[in-house]
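One structure is given below, encoded as structure tokens.
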Amino acid sequence: MRMLQIHSDGFSYEAKRKALKNAEAVKEKVYKTEDSCLVNFIAAETTDANDVSAAAKATAEMIASAADEIKEKNIVVYPWVHLTESPSKPSVALKLLKAIAKDLKERGFNVVRVPFGWYKSFELHCKGHPLAERSKVLDISKEIAKGADVDVTEGEDLTALAAEEKSTSEFFIMEPGGKVTDIKEFNYAKYKELKLYMEYETAKDRTAHEPPAHIELMKKLELVDYEPGSDAGNFRWPPRGLTLKKAIEERVTAEMVDYGAHVIQTPLIYDYEHPSLKAYLQRFPSRQYVVRSGEKDYFARFSACFGQFLLISQAQVSYKQLPLKLFEIAPSYRREQSGELAGIRRGRAFTMPDIHEIVVDEEGAKAAVLRQLEFVEKLHGELEVSYEVSFRLLRSFYEENKDFLTKVIDRIGKPVMIEVFDERYAYFIFKGEWNVVDDQKKAGCLGTIQIDVENSERFDIKYVAEDGKERFPLILHTSPSGSIERILYGVLEHAHKQMKIGKVPHLPLWMTPIQVRFAPVDDSFVDYCLELGKVLDAAGVRYEIDDRSQTVGKKVRSAEKLWIPYIAVIGEREQTSSELSIRRRELKDQVKMSIDELVKEIKEKTSFAPTQRLLLPNLVSKQAIFSREV
Numbered sequence: 061m062r063m064l065q066i067h068s069d070g071f072s073y074e075a076k077r078k079a080l081k082n083a084e085a086v087k088e089k090v091y092k093t094e095d096s097c098l099v100n101f102i103a104a105e106t107t108d109a110n111d112v113s114a115a116a117k118a119t120a121e122m123i124a125s126a127a128d129e130i131k132e133k134n135i136v137v138y139p140w141v142h143l144t145e146s147p148s149k150p151s152v153a154l155k156l157l158k159a160i161a162k163d164l165k166e167r168g169f170n171v172v173r174v175p176f177g178w179y180k181s182f183e184l185h186c187k188g189h190p191l192a193e194r195s196k197v198l199d200i201s202k203e204i205a206k207g208a209d210v211d212v213t214e215g216e217d218l219t220a221l222a223a224e225e226k227s228t229s230e231f232f233i234m235e236p237g238g239k240v241t242d243i244k245e246f247n248y249a250k251y252k253e254l255k256l257y258m259e260y261e262t263a264k265d266r267t268a269h270e271p272p273a274h275i276e277l278m279k280k281l282e283l284v285d286y287e288p289g290s291d292a293g294n295f296r297w298p299p300r301g302l303t304l305k306k307a308i309e310e311r312v313t314a315e316m317v318d319y320g321a322h323v324i325q326t327p328l329i330y331d332y333e334h335p336s337l338k339a340y341l342q343r344f345p346s347r348q349y350v351v352r353s354g355e356k357d358y359f360a361r362f363s364a365c366f367g368q369f370l371l372i373s374q375a376q377v378s379y380k381q382l383p384l385k386l387f388e389i390a391p392s393y394r395r396e397q398s399g400e401l402a403g404i405r406r407g408r409a410f411t412m413p414d415i416h417e418i419v420v421d422e423e424g425a426k427a428a429v430l431r432q433l434e435f436v437e438k439l440h441g442e443l444e445v446s447y448e449v450s451f452r453l454l455r456s457f458y459e460e461n462k463d464f465l466t467k468v469i470d471r472i473g474k475p476v477m478i479e480v481f482d483e484r485y486a487y488f489i490f491k492g493e494w495n496v497v498d499d500q501k502k503a504g505c506l507g508t509i510q511i512d513v514e515n516s517e518r519f520d521i522k523y524v525a526e527d528g529k530e531r532f533p534l535i536l537h538t539s540p541s542g543s544i545e546r547i548l549y550g551v552l553e554h555a556h557k558q559m560k561i562g563k564v565p566h567l568p569l570w571m572t573p574i575q576v577r578f579a580p581v582d583d584s585f586v587d588y589c590l591e592l593g594k595v596l597d598a599a600g601v602r603y604e605i606d607d608r609s610q611t612v613g614k615k616v617r618s619a620e621k622l623w624i625p626y627i628a629v630i631g632e633r634e635q636t637s638s639e640l641s642i643r644r645r646e647l648k649d650q651v652k653m654s655i656d657e658l659v660k661e662i663k664e665k666t667s668f669a670p671t672q673r674l675l676l677p678n679l680v681s682k683q684a685i686f687s688r689e690v
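In this note's numbering, each residue's number is its place in the sequence shown (first place is 1) plus 60.
Here it is, written out as structure tokens:
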């Protein structure tokens, strides 16, 4: 926010004509006073959208302080966009100005707010004393960092974040069979990570105090790295990491196709002023990337909801097609606060597998939760990490559906944390979360299942019922696995825990970039390795050949640094006998097997995963070194 303050002897204005199509309606276009007043020319800026309420309160405080200094009780609030080169969108500016005026009136000032969205003439007479002319600049991000209070004005829509903070909740542990225990009284002796997760969730501290363990590992394994040329929290994926990323995306997509989903792709940026999106954004303000195109502002999506909802709202849907499922691998952007950024646990750019399932009613939603539970548990099991589950429920839904919740927890098969909240602060009445807990005792949410009772009406999503009438359905928001970045975070943090207790760290075989590395004892055996590689290629097994002029020992150590699960040293004996000597990382053994037996073992262990090609040359000598140790 930028502001020019003039202490004036009298003030007048006349609204001439509209400057905006949606200019404020005005009853009287002319105003004049001979009384002294403090005139405040105010320009709202893009950063004010981060927290309009906090910006308004801080601005009102500035005005009140200035008025008290000059002993002035009459205040004029004048919209003056020309003070800034980074104006906010009009809706934000109007909301800010209204909130400022309301705050000042509550402080006892006589306030005139000049109409917004009009071309106006005005007259004032600056008093000319030392405090008669002043300018102010407010950086709301700094105010938020200092902990500025946020007041929600009467009648305005609460943001999900602010409403969540105001909501009261009850936490407890629920076990299979339905037994309920207060979180402070539950025996965590066999469930230490559940205790850590409970403490993390109830403390609600998301600040990263030190780098998580996965950051060093993701660089050493050449999977992901920071991009200095981009914003913080945006990452680059070199070929090894991209191979892993694509493998995960294809695995989740295959599961969703099997589930009967329509696979789609929707835009990355959306119009702030679209009626449906505008209402949705009121729930989730402040953390969008802004994209300027011509004279309009757009925001980069932070979920797949926008595109999927707009698409299905324009489709013809009958009850015969329900439950209907839309799935997308959605690159998304969320401008998290810098203090919360922590490697790929919490970034500003992420890739989210997102499915929305449209159902008739609450009974249909509960049936869908039980169906979805099967693939969510399956996918998390394939990650080979330990995870903790929680459910958040609106109290009325919880009280009416305890048997349903017990059935859900019975299928999970272990105690989970339950949060029951008294008032709905977002669109959901039920939310399941699958979380990994890292070495810093922080949690990262992977998969989620939510029952949405709000957005079908907001986005005008309807289906034709059996009686021929249009009705609003319920919607399940589900991420089957969590973002690709969070998956890798969870896998690497789990590997770090294994290292701490003396176990050999590894990546799940189906997602690891290189499944087999051949280490020829010298250059004369490279051609034979290439022949073996053709067999692996045909079977969809990813491999590489270390054809560098190095000792076998160094080649093996190089492969071990990259956690390659199968290492085959190739020499005269292997070439003549067709029997390979294989080092198996996970089992920490060395066995003899043929190339066909090797293929069979790998394919049996990865039978559920689609084939993913290696996205870099098979010969190590031809590979660029991005960040890995060699």
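The beta-carbon is built from N, C-alpha and C at its ideal position, and this holds for glycine as well.
Straight-line gap, residue i to residue j (C-alpha atoms, nearest Å)
i, j, result
"residue 256", "residue 502", "8 Å"
"residue 108", "residue 115", "6 Å"
"residue 145", "residue 127", "27 Å"
"residue 285", "residue 470", "40 Å"
"residue 536", "residue 612", "54 Å"
"residue 273", "residue 528", "57 Å"
"residue 185", "residue 62", "21 Å"
"residue 76", "residue 332", "28 Å"
"residue 409", "residue 399", "16 Å"
"residue 258", "residue 141", "47 Å"
"residue 663", "residue 599", "8 Å"
"residue 392", "residue 633", "52 Å"
"residue 456", "residue 665", "45 Å"
"residue 438", "residue 270", "32 Å"
"residue 547", "residue 494", "11 Å"
"residue 661", "residue 541", "26 Å"
"residue 523", "residue 554", "44 Å"
Range covered by the alpha helix (DSSP H) that runs through residue i
i, result
"residue 660", "655–665"
"residue 578", "Here residue 578 belongs to no alpha helix (DSSP H); instead the beta strand (DSSP E) covers 576–580."
"residue 373", "365–373"
"residue 173", "Run containing residue 173: none in the alpha helix (DSSP H); it sits in the beta strand (DSSP E), 170–173."
"residue 189", "Where residue 189 is concerned, there is no enclosing alpha helix (DSSP H), given that its DSSP letter is neither H nor E."
"residue 291", "Careful: residue 291 lies outside any alpha helix (DSSP H) and carries neither H nor E."
"residue 252", "252–263"
"residue 430", "422–442"
Within 8 Å, strictly: CB atoms of residue i and residue j
i, j, result
"residue 101", "residue 138", "yes"
"residue 385", "residue 487", "no"
"residue 507", "residue 420", "no"
"residue 302", "residue 552", "no"
"residue 623", "residue 643", "no"
"residue 550", "residue 443", "yes"
"residue 164", "residue 103", "no"
"residue 574", "residue 603", "yes"
"residue 176", "residue 154", "yes"
"residue 628", "residue 576", "yes"
"residue 150", "residue 80", "yes"
Boundaries (first-last residue) of the beta strand (DSSP E) holding residue i
i, result
"residue 387", "384–393"
"residue 61", "Counting along the chain, residue 61 falls outside any beta strand (DSSP E), and DSSP gives it neither H nor E."
"residue 504", "503–512"
"residue 137", "134–139"
"residue 643", "640–644"
"residue 556", "Run containing residue 556: none in the beta strand (DSSP E); it sits in the alpha helix (DSSP H), 544–560."
"residue 571", "From DSSP, residue 571 is part of no beta strand (DSSP E); its letter is neither H nor E."
Own chain residues within Cβ distance below 6 Å of residue i, not counting five before or after
i, result
"residue 466", "238"
"residue 235", "475"
"residue 559", "565"
"residue 674", "303 and 602"
"residue 676", "299 and 683"
"residue 120", "160, 163 and 164"
"residue 619", "577 and 627"
"residue 334", "none"
Contact set for residue i: own chain, Cβ-Cβ below 8 Å, skip 5 residues either direction
i, result
"residue 630", "578, 579, 580, 581, 585, 588, 589, 592 and 640"
"residue 568", "442, 443, 444 and 551"
Cβ shell of residue i (< 7 Å), same chain only, five flanking positions each side left out
i, result
"residue 473", "236"
"residue 544", "305, 308, 309 and 411"
Assess contact between the segment 230–242 and the segment 474–485, defined as three or more Cβ pairs (one per stretch) separated by less than 8 Å. Is contact present? The segment 230–242 makes contact with the segment 474–485; the number of CB pairs closer than 8 Å reaches 3 or more.
task = Report yes or no: do the segment 379–396 and the segment 309–324 share at least 3 C-beta pairs separated by less than 8 Å?
result = Because the criterion of three Cβ pairs below 8 Å is met, the segment 379–396 and the segment 309–324 touch.
Problem set entry | Contact the segment 371–379 vs the segment 351–363: 3+ CB pairs below 8 Å | Taking 8 Å as the limit for Cβ pairs, the verdict is that the segment 351–363 does not touch the segment 371–379.
For this session: Inspect the CB distances between the segment 319–328 and the segment 290–307 and report whether three or more fall short of 8 Å.
Result: Contact between the segment 319–328 and the segment 290–307 is absent, because fewer than three Cβ pairs lie under 8 Å.
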